[in-house]
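So the sequences go chain by chain: R and Z.
Position in the first sequence (from 1) plus 5 gives the number in the working numbering.
Position in the second sequence (from 1) plus 5 gives the number in the working numbering.
Don't be surprised by glycine CBs; every beta carbon is placed ideally from N, CA and C.
Worksheet for the structure shown next.
2 protein chains.
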Amino acid sequence: MEGVAAEAASLAGHLKLGKLIYLYDDNHITLSAATQLTFTEDRAQRFAAYGWHTQSIDDGNNVDAIDRAIRAARQETERPSLILVRTHIGYGSPHKQDTFAAHGSALGEEEVKLTKENLGWPIGPPFLVPEAVEQHCHQVVHRGRQAEAEWNEKFAAYEQQYPELARELRLLIAGELPPGWDANIPQFPADAKGLATRVASGKIMEAISQTLPGLIGGSADLNPSTYTELNDAGNFENSAMAVGDLQGSAAGGWSYAGRNLQFGVREHAMGAILNGLATHGGTIPFGATFLTFSDYMRPPIRLAALMGIQVVYVFTHDSLALGEDGPTHQSVEQVASLRAIPQLLVIRSCDANETAVAWRVAVETRDRPVALVLSRQSVPTLDRKHLASADGLRRGAYILADAPQAKPQLILIATGSEVGLIVAAQQKLQEQQISVRLVSMPSWELFEAQSREYRDSVLPPSVRARLAVEAGVTQGWHRYVGDQGDVIGVDRFGASAPGSVVMREYGFTVEHVCQRALALL
Amino acid sequence: MEGVAAEAASLAGHLKLGKLIYLYDDNHITLSAATQLTFTEDRAQRFAAYGWHTQSIDDGNNVDAIDRAIRAARQETERPSLILVRTHIGYGSPHKQDTFAAHGSALGEEEVKLTKENLGWPIGPPFLVPEAVEQHCHQVVHRGRQAEAEWNEKFAAYEQQYPELARELRLLIAGELPPGWDANIPQFPADAKGLATRVASGKIMEAISQTLPGLIGGSADLNPSTYTELNDAGNFENSAMAVGDLQGSAAGGWSYAGRNLQFGVREHAMGAILNGLATHGGTIPFGATFLTFSDYMRPPIRLAALMGIQVVYVFTHDSLALGEDGPTHQSVEQVASLRAIPQLLVIRSCDANETAVAWRVAVETRDRPVALVLSRQSVPTLDRKHLASADGLRRGAYILADAPQAKPQLILIATGSEVGLIVAAQQKLQEQQISVRLVSMPSWELFEAQSREYRDSVLPPSVRARLAVEAGVTQGWHRYVGDQGDVIGVDRFGASAPGSVVMREYGFTVEHVCQRALALL
């Protein structure tokens, strides 16, 4: 019933994933009701419409029939297979079979006893494993060991013949990065006009896609906007479906070796598929969409965080500055709500060079998901000769520039596209003899992982006049600006107008930053 | 492609919504590609599987064919209708037709000119409305006026015959509450054992479902857990589908007059359908699920907030205390991420009587959605003779009990199920001669809407020792506890064990509250 399953099944049919087999436990019962109350569609027909092979089994206790159906499904290599198996929940329980009571609660001691009697099963011991089952399990282990030995033998032969490729595969399986994987990542020269961090991200991906064969992913129908197409890396598609020069195709052909996943408008399935790729191993999966639409894939993002797996989210168009598409598309609360997810690393980089470091962190972080939050609009590439190195991103927050005086009167903190604003504001304030420290704070999570000493060195407890600027809800910022600080944020929805107009009207101007900063002194 | 559309279409087919007509603009192009890249399922067959009537039109410019198809769809009263209409995006544009370039960008002046020439349309004026079209529009207005007049006449006759029912309908359409609608809401007596706020919510809903005929809704397959079934209010189902005594059915029969919506396991569609009901008017729609699964319906929650419409979400099982289902089901970050959504009112009530006030607020709030966050586990029903009235909830936060001394040394703040904890902690601390103020803070949004004076009276700037206790992420709490305060929260995922064990292990004990409170002094 869940939409994510529909998205995934539609895509699996399109991709002709012939190895995929679903066993549908069709017990006619949901958590709270008979399925007849809410779910009377023809499932086999629906899956046939998706391009699936379907089979039905009337009796879920007919193991031979299930075995035959699985064999038939394996024979079918051009289409994924659905096997609908009619079962009975709580099978054999005299009072609970076929009722939702058997879904959420244990049967209870008495009903277990009655069920065993009913099924002709010994009452004790409570967990009886018949010898035949035990033997079967041993056989399964044995079969697995044999299969592993065969694979190892095969791989040894492969290694002999293709030492380079074998080494690459070993690295991928081990989850290790090839030496020099990041050597091609560009250094972006200082540039007042600069470029959007999504564009910088695209250039960085171009540089690492060649050295990281495990990098695989795509966008939910937004490649031209998210800049996440891997050049010449092909399309993950069934080769039989290839059409010359199809709009939206990546260069490099159609095959299952393609590393561009074309998810379609299916954010939720995209998130779930990325989790599957990550848990399979051998890959660094990424998925892209507009930041606002991260809402569509929160459940799989949460699961990635809970499982501690590496998935890279590329969330572009990260604020009001998205512009004309208006408040439905303008992210306001998404950065805060992503930060709320435990173990998820959220990085909102301020320029091209921070974005390069952010990608380094994302690739190196093997045990948790990372969300890269990127701008649609151009942002200046900061002059790192006069400002601190973008490597500071690794510590979550860092002093971008300090007041010439020993102790700053004021700390301006910002993330992402608003860092350019505080840099400009500092200049204006210095003209008024106000000594300002600038802090770029791309990642709360990385900052919180630093020592108290480091954190206090960036945000000294003695400097109370602090202003944070971020084009999103202010939630959570008071922790960093403190009782005597202030936050310029957006605690309401956006508006439809050119991005620069919306940003100005919502107070993201150098003048407004200076004004609010001065009010703190 | 989006899962929410699949969920909704499946449910519409099940419900036999014969009045529903989808016009599917089948232009073979998505934002970034040809649909052939990602979406090759048989859409007509899929919708047929859902129980829809389907028709296909080869030429989207054949207005007569579309008109005939719509007429046929209207004739079909037992099934919703899908009309697949083959169209061409950017129709007539020599360079952009059938390309995704026509999706996201304007054609541009030159291409508009070429398109007009190509279609034999006058180049100027830029917005030409031919006289025939204008006349047609006038006719439409005329037809609408006539229809309205007829309806008014009909309604006047109805009013003559059924004055009581007509009055009720008028109130519903006007969005006004009938006098005495809340008269039956119980007062819950003080009780140390108490009851779960979800159970209290169920009793309150029972009391108001009779007086509020516009109250309509249900859960995503969780009625026995969310306590959101409206007694005897029937099932919103097609009467032809009625089956005697079906598991999960509400009492009161199957018909479109039923007020229990059986959503199935379709949270996202549930959220979207609630928005449809709210914008239609005449209803107070509600939807229920576990708090964690609010993640599945964030996009429609966001839209409800953006549109400023009344939808009531009943989110139960609101913390780690959910217990054995484990971290996938235990909400940790959801309260924070809901609070991040602008204009959404989030209320986490602490006991049965606060829950009653929360429901009052939810029903009275006509211009924004309200999320009621409720506990699975029992919480004490506070003794309001010795503590402040639950009406304080209306102000978001209120002094539940004050120190006997003039000025408290310490403020303990909590929401929901953790309020019981701070009440117990206060007793312990008073024994040590520490004067403690207790603040129940069920809603940040309501509190922020109060005057500075009121807010300072609850949380006086001069009292810096403040401890907030909430079984969720600490994000955002520093705003209320301040630089010298502390927060007991959960900044990681939960764990699988009985709820009381998890809560204890995560520090939600009177002892831990006292210990952290003392450390502030």
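Helix, strand or coil: how does DSSP classify residue i here?
i, result
"R/G499", "coil"
"Z/D407", "coil"
"R/I213", "helix"
"Z/L227", "coil"
"R/K208", "helix"
"Z/A197", "strand"
"R/S260", "strand"
"Z/G331", "coil"
"R/F320", "strand"
"R/G222", "strand"
"Z/L36", "coil"
"R/D300", "helix"
"Z/S342", "helix"
"Z/F52", "helix"
"Z/N157", "helix"
"Z/I190", "coil"
"R/T202", "helix"
"R/I128", "coil"
"R/L87", "strand"
"R/T386", "strand"
Just to confirm before moving on: does the CB-CB distance between residue i and residue j stay below 9 Å?
i, j, result
"Z/Y29", "Z/V90", "yes"
"Z/A430", "Z/V444", "no"
"Z/L472", "Z/I416", "yes"
"Z/Q315", "Z/G180", "yes"
"Z/P218", "Z/L182", "no"
"R/A357", "R/T386", "yes"
"R/S86", "R/Q50", "no"
"Z/S214", "Z/N236", "yes"
"Z/D47", "R/A54", "yes"
"Z/T297", "Z/S354", "no"
"Z/G269", "R/T35", "yes"
"R/V340", "R/E475", "yes"
"Z/A406", "Z/V428", "yes"
"Z/G207", "Z/Y232", "yes"
"Z/D491", "Z/L525", "yes"
"Z/L398", "Z/V366", "yes"
"Z/R307", "R/D300", "yes"
"R/F295", "R/S244", "no"
Throw me the rounded Cβ distance for the residue i and residue j pair, which I believe falls under 8 Å.
i, j, result
"R/G222", "R/Q267", "The Cβ separation is near 10 Å, so there is no contact."
"Z/M6", "Z/F44", "6 Å"
"R/H108", "R/I94", "6 Å"
"Z/S380", "Z/T202", "5 Å"
"R/G239", "R/N265", "6 Å"
"R/V362", "R/D396", "6 Å"
So the beta strand (DSSP E) residue i belongs to, where does it begin and stop?
i, result
"R/T370", "Counting along the chain, R/T370 falls outside any beta strand (DSSP E), and DSSP gives it neither H nor E."
"Z/S61", "H58 to I62"
"Z/I178", "Premise fails: Z/I178 lies in the alpha helix (DSSP H), P168 to A179, not in any beta strand (DSSP E)."
"Z/I352", "L350 to R353"
"R/I278", "Taken as a continuous stretch (DSSP letters only), R/I278 belongs to no beta strand (DSSP E), being part of the alpha helix (DSSP H) at E272 to H285."
"Z/V492", "D491 to I493"
"Z/R399", "That residue, Z/R399, is in no beta strand (DSSP E); it is neither H nor E in DSSP."
"R/L472", "R471 to V474"
"Z/I75", "Careful: Z/I75 lies outside any beta strand (DSSP E), inside the alpha helix (DSSP H) at V68 to Q80."
Over the uninterrupted alpha helix (DSSP H) stretch that includes residue i, give me the two end residues.
i, result
"R/Y485", "H483 to V486"
"Z/I289", "Looking at the DSSP string, Z/I289 is not in any alpha helix (DSSP H); the run it does join, the beta strand (DSSP E), is I289 to F295."
"R/Y459", "R457 to V463"
"Z/P184", "From DSSP, Z/P184 is part of no alpha helix (DSSP H); its letter is neither H nor E."
"Z/T120", "E114 to L124"
"R/V518", "V515 to A524"
"Z/V378", "Unbroken run through Z/V378 is the beta strand (DSSP E), V375 to V378; no alpha helix (DSSP H)."
What alpha helix (DSSP H) runs, 4 residues minimum, are completely inside the stretch 401-452 of chain R? 424-436
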